[in-house]
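Under full-length UniProt numbering, think of the first position of the sequence shown as 1, with each following residue one higher. Here a beta-carbon is modelled for each residue, glycine too, at the ideal position from N, C-alpha and C.
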Amino acid sequence: MNSPLSPLISVIVPICNAARYLPRSLGSILSQSVRNIEVICIYDDS
């Protein structure tokens, strides 16, 4: 599903004390059939 009319899908991944899950999470996002995707990771060190 990668056509000029495909909408851009944005995925926002909050990261807070869960860095060990990041590789699996990103792998899951990137393995989807949608290709027109942006991934935004937000690190909250609060």
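Q. Just the Cα atoms here: how many angstroms apart are I42 and L26?
A. For this step, residue 42 is matched to residue 42 along the sequence shown. For this step, residue 26 is matched to residue 26 along the sequence shown. The straight-line gap from Cα to Cα measures roughly 13 Å.
Q. Got a sec? Which residues, its chain only, sit under 6 Å from N36 by beta carbon, not counting five neighbours each side?
A. In the sequence shown, residue 36 corresponds to position 36, counting from 1. S6 and L8, listed in sequence order.
Q | Reference I12, options S28, I29 and V39, closest by Cα | A | Within the sequence shown, residue 12 is the residue found at index 12, counting from 1. Checking every option, the nearest Cα to that of I12 belongs to V39.
Q: With a cut-off of 8 Å on the beta carbons, I'd call D44 and P14 a contact; round off their distance for me.
A: Numbered from its first residue, the sequence shown carries residue 44 at position 44. Numbered from its first residue, the sequence shown carries residue 14 at position 14. Correct: roughly 6 Å between the Cβ atoms.
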